[in-house]
Structure formats: C-alpha cells, structure tokens
Amino acid sequence: MPLPSPLPDKTSDRAMSRRSFLRGSAAFGGLTALAASLSPLRELSDFTSTDQFLQKYYKELSPDDMTKVIKRIEGDVQRQYGIRPHVRDLKPMDGVEFVYCLNLTRCIGCRKCVHACVAENNQSRNPEIQYIRVLKLPHGSLDLEKADHNYAPESVPEKGFFYMPVQCQQCKNPPCVKVCPVNATWQESDGITVIDYDWCIGCRYCEAACPYFARRFNFAKPEIPKDKINPNMAYLGNRPRKMGVMEKCHFCIQRTRAGRYPACLEVCPVGARKFGNILDPESEVSYILREKRVFIQLKEEIGTSPRFFYYFDK
Numbered sequence: 005m006p007l008p009s010p011l012p013d014k015t016s017d018r019a020m021s022r023r024s025f026l027r028g029s030a031a032f033g034g035l036t037a038l039a040a041s042l043s044p045l046r047e048l049s050d051f052t053s054t055d056q057f058l059q060k061y062y063k064e065l066s067p068d069d070m071t072k073v074i075k076r077i078e079g080d081v082q083r084q085y086g087i088r089p090h091v092r093d094l095k096p097m098d099g100v101e102f103v104y105c106l107n108l109t110r111c112i113g114c115r116k117c118v119h120a121c122v123a124e125n126n127q128s129r130n131p132e133i134q135y136i137r138v139l140k141l142p143h144g145s146l147d148l149e150k151a152d153h154n155y156a157p158e159s160v161p162e163k164g165f166f167y168m169p170v171q172c173q174q175c176k177n178p179p180c181v182k183v184c185p186v187n188a189t190w191q192e193s194d195g196i197t198v199i200d201y202d203w204c205i206g207c208r209y210c211e212a213a214c215p216y217f218a219r220r221f222n223f224a225k226p227e228i229p230k231d232k233i234n235p236n237m238a239y240l241g242n243r244p245r246k247m248g249v250m251e252k253c254h255f256c257i258q259r260t261r262a263g264r265y266p267a268c269l270e271v272c273p274v275g276a277r278k279f280g281n282i283l284d285p286e287s288e289v290s291y292i293l294r295e296k297r298v299f300i301q302l303k304e305e306i307g308t309s310p311r312f313f314y315y316f317d318k
C-alpha cells in the first residue's frame, strides 16, 4: 500500500501541530471520538492527567513548562515502580554529529548488545521489545532476505557465518520523519532522530516508512519488573512508554548526550562497536572511516544516508 505524501509545511517547526489535529477531531464527536482517533490502542486512560493530554509540542515548551512535565513524569514513574527517577531533557551538543561504526570481522553474534539495550532503555519485557536485531549470514552473502535472526546454536560464532546487528540507522534523510502527520518524530542537530512519546498518535506511518525495520509499536501495555527499571532517564530517551506509541533506538540519548557511550557498545565483549563524533577529525569513528575498509551503509542505494557504518578489518 503506498505511503501518504508528506504534509506541506505550515509552520517553521512542523507540518501540522497535534493541537490542530486534536481540534479537528474533537469537533466531530468529543473526547471519546478523539481518543479513538489517536490510535485504536490508546485510550484516555493512557494519559495520567489533563496536563499530559493537553501538553504543548516539545519545541514550544518553555524551560518552566519542561520542568513541570519532568516533575509529572517522575511522579508517574514513582507511583508505578516505587522509585524516584532522575529525568532530564538533554539537548544536542554544539559541534557534534554522532555516527556508529560496527566491525563485522569481530562481531560474534552473542546478542549481548540486544539485552543491554533492553535493560538500559526500559523496554517492555512482556512482550519484550528489542531495538536491535542480529542477523546471521553465510560468508560471501549479503542477501538480507535470507538472513536468520532467530538462530539458537549452543555457542557462537558458528563456522561459515558472520553476524550483522541492525538497529535505527539515524539516517540523514529519514523517511520516517517525512510521513509523521503530527511531527512526533524529528531529526536533531547531532544526527539523532527522536520520538516524543507524549505527542505520538500511534498511526504507525513511520514504522511502514522505515526500510530497516527499526521502529517498534507497543501493541500491549509494556511490562517492566520494578527491580529492573533504570532510573536514569531522558525525556526523549528511555523514560517508560505507554501502549499505542512508537519507539526505537535513539543512540542511548540519556548516556551519549551526557558524554558516555551507548549501552550496546559498553557490553560488547569483542570491541566490535565504535561510536563518536564524526565532526572531530581525531575521533575513533573518523579514523575508522578514513583508514578501514568500510563495507556498507545498509541500503545506501535508496538515499537515506545512514549514520551507521559497517566495516571489516584490513
């Protein structure tokens, strides 16, 4: 089914505000019809307060507004999980454009990155939502249609195969952003494409537009054990999400914008993952892209210009 054409720009920041969308919906049947219009899986009960339901667009929030929003989120998390989180609204740093490099020679397919990502980013455990898929491919092949991401050998790596982890590619030309009818997802100056979970209406257009199967939709109410919640959170990052919204890898924004590495990188036992600022010529990722045998940007022929690079050792 063809995707809808992007809406024309009506403001400098977004094509259509959710406020305009809500006004139009409310005019045809009140709040009950409005809740149904947001998503077949989201109800008014999903919103913890009137303030959350009527919250301003992220780019319109003043510092005082954001302080109130963060206080509300912290209260919600404390009531649900019994811990007081530390939620921040971390902004992009000047002079930074993040890229990821992954060494296909070293990756052993252990999937430790997958599980570290789940733990760090407060992803649902039942059903478990995973941002990273690790594909198993035979040596000499790059036919992703024949890749196996459900492999379960007694041990890895398996002889005759190599492994390719795939997650959000943080494209310079992201098709997911173009199709969102309310601009709940956008690309920031450091290259990270983010989602505002309070603004998302659950239409799933972005999921259909992504060529990397990188976005996940909460079909059921997410479940996180209370003793597994990560209290260090970011508004645009790993704060708990509701049923009926989209989510995806955001380069561990709560870590990377605070000067730390992504969780998937830190847990990798073989050093296959590298991350850093491509605008810094002395960074490790800059060195890799200059000196290593960079293999591919996944599906680069479709013009998305991923910021995720795969390479082999020389």
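Numbering (our numbering), first residue to last: 5 to 318. Beta carbons are placed, not taken as given, at the ideal position from N, Cα and C, and that holds for glycine.
Could you tell me whether the Cβ atoms of ASN126 and ARG245 are closer together than 9 Å?
Here residue 126 corresponds to residue number 122 of the sequence shown, with the count starting at 1. Here residue 245 corresponds to residue number 241 of the sequence shown, with the count starting at 1. Their beta carbons are under 9 Å apart, which means ASN126 touches ARG245 by this criterion.
Give the DSSP bridge partners of HIS90, in chain order.
In the sequence shown, the residue the question calls residue 90 occupies position 86. For HIS90, which the question treats as bridged, DSSP gives the partners ASN236.
Contact check, ASN234 vs ASN222, beta carbons under 9 Å:
Position 230 of the sequence shown, counting from 1, holds the residue named residue 234. Position 218 of the sequence shown, counting from 1, holds the residue named residue 222. For ASN234 and ASN222, no; Cβs fall outside 9 Å.
Using the beta-carbon count (16 or more within 10 Å), is ALA262 buried or exposed?
For the purposes of this step, residue 262 is identified with residue 258 of the sequence shown, where counting begins at 1. ALA262 is exposed by the Cβ-count criterion.
Run of the alpha helix (DSSP H) containing GLY79, from where it starts to where it stops
Position 75 of the sequence shown, counted from the start, is the residue given in the question as residue 79. Element bounds for GLY79: 67-85.
Looking at the secondary structure, which residues open and close the beta strand (DSSP E) in which PRO169 lies?
Indexing the sequence shown from 1 puts residue 169 at position 165. Note, PRO169: beta strand (DSSP E), 165-170.
Could you check what DSSP says for ASP284 in three-state terms: helix, strand or coil?
As a working mapping, residue 284 is identified with position 280 in the sequence shown. If DSSP states are grouped into helix, strand and coil, ASP284 belongs with coil.
Using only alpha-carbon positions, find the residue among CYS210, HIS153, PRO273 and CYS256 that is nearest to CYS184.
Walking along the sequence shown from the start, residue 184 turns up at place 180. CYS184 has its Cα closest to that of CYS210, out of CYS210, HIS153, PRO273 and CYS256.
Closest by CA to LYS303, which one among VAL81, ALA224, PRO215 and HIS153?
One-based indexing of the sequence shown puts residue 303 at position 299. For LYS303, the nearest C-alpha among the options comes from PRO215.
Given 8 Å, three or more beta-carbon pairs between the region 279-292 and the region 253-267
yes
Where SER128 falls, given that 16 or more other Cβ within 10 Å makes a residue buried
Here the question's residue 128 lines up with position 124 in the sequence shown. That one is buried.
Are the region 143-161 and the region 179-197 in contact at 8 Å, needing three or more beta carbon pairs?
no
TYR315 (DSSP reduced to helix, strand or coil)
Taking the first residue of the sequence shown as position 1, residue 315 is located at position 311. Looking at TYR315 - three-state DSSP - the assignment turns out to be strand.
Output the distance between the C-alpha atoms of HIS119 and ARG110, rounded to the nearest integer angstrom.
Here residue 119 refers to the residue found at position 115 of the sequence shown. Here residue 110 refers to the residue found at position 106 of the sequence shown. Answer to the nearest angstrom: the Cα atoms are 19 Å apart.
Work out the CA separation of CYS180 and ALA39 for me, nearest whole Å.
For the purposes of this step, residue 39 is identified with residue 35 of the sequence shown, where counting begins at 1. For the purposes of this step, residue 180 is identified with residue 176 of the sequence shown, where counting begins at 1. Bear in mind that a pLDDT of 42 at ALA39, under 50, signals an unreliable position, so the number given afterwards is only what the model happens to contain. The straight-line gap from Cα to Cα measures roughly 23 Å.
Look up PRO142 in the DSSP assignment and say whether it is helix, strand or coil.
Translated into the one-based positions of the sequence shown, residue 142 becomes position 138. Note: PRO142 maps to strand in three-state DSSP.
Just to check my reading of the structure: ARG311 and LYS95 have Cβ atoms closer than 8 Å, yes? What is that Cβ distance to the nearest angstrom?
Indexing the sequence shown from 1 puts residue 311 at position 307. Indexing the sequence shown from 1 puts residue 95 at position 91. At roughly 19 Å, the Cβ-Cβ gap does not stay under 8 Å, so ARG311 and LYS95 are not in contact.
Determine the closest residue to LEU106 out of ALA224, CYS268, MET70 and GLU305, with distance taken between C-alpha atoms.
As a working note, residue 106 is residue 102 in the sequence shown. For the residues ALA224, CYS268, MET70 and GLU305, the minimum Cα distance to LEU106 belongs to CYS268.
Tell me, please, which residues DSSP counts as bridged to THR260.
Locating residue 260 in the sequence shown gives position 256, counting from the first residue. According to DSSP, which records beta bridges pairwise, THR260 is partnered with nothing at all.
Separation of GLY206 from ARG259, as counted between CA atoms
In the sequence shown, the residue the question calls residue 259 occupies position 255. In the sequence shown, the residue the question calls residue 206 occupies position 202. Those two C-alpha atoms are separated by around 26 Å.
Any idea if ASP231 is buried or exposed, counting beta-carbon neighbours within 10 angstroms, 16 or more meaning buried?
Stepping through the sequence shown from its first residue, residue 231 is reached at position 227. Classification for ASP231: exposed.
Identify, in the order they occur along the chain, each residue of the same chain with its Cβ nearer than 7 Å to the Cβ of ASN236, setting aside the five sequence neighbours on each side.
Indexing the sequence shown from 1 puts residue 236 at position 232. Here the set comprises HIS90 and GLN258.
Taking only runs of the beta strand (DSSP E) that begin and end inside the region 147-221, which ones reach a length of at least 3 residues, in chain order?
165-170, 189-191, 197-199 and 219-221
Can you give me the C-alpha to C-alpha distance between GLU286 and LYS182, rounded to a whole angstrom?
Against the sequence shown, residue 286 aligns to sequence position 282. Against the sequence shown, residue 182 aligns to sequence position 178. Cα to Cα, the separation comes out at about 33 Å.
For GLU101, which residues in the same chain have their Cβ closer than 7 Å to its Cβ, ignoring the five residues on either side in sequence?
The sequence position of residue 101 within the sequence shown is 97, counting from 1. Correct list, in chain order: ASP194, GLY195, ASN281, ILE282 and LEU283.
Beta strand (DSSP E) containing VAL249: first to last residue?
Within the sequence shown, the letter at position 245 stands for residue 249. That residue, VAL249, is in no beta strand (DSSP E); it is neither H nor E in DSSP.
Can you give the beta carbon distance from TRP203 to TYR104, rounded, assuming they're within the 8 Å contact cut?
In the sequence shown, the residue the question calls residue 203 occupies position 199. In the sequence shown, the residue the question calls residue 104 occupies position 100. Incorrect: roughly 26 Å between the Cβ atoms, too far for contact.
6 Å Cβ shell around LEU293 - same chain, five flanking residues per side excluded
Along the sequence shown, one-based indexing puts residue 293 at 289. Excluding positions up to five away in sequence, the list is empty.
Along the chain, where does the alpha helix (DSSP H) containing VAL122 start, and where does it finish?
Numbered from 1 along the sequence shown, position 118 holds the residue referred to as residue 122. That run of the alpha helix (DSSP H) goes 116-124.
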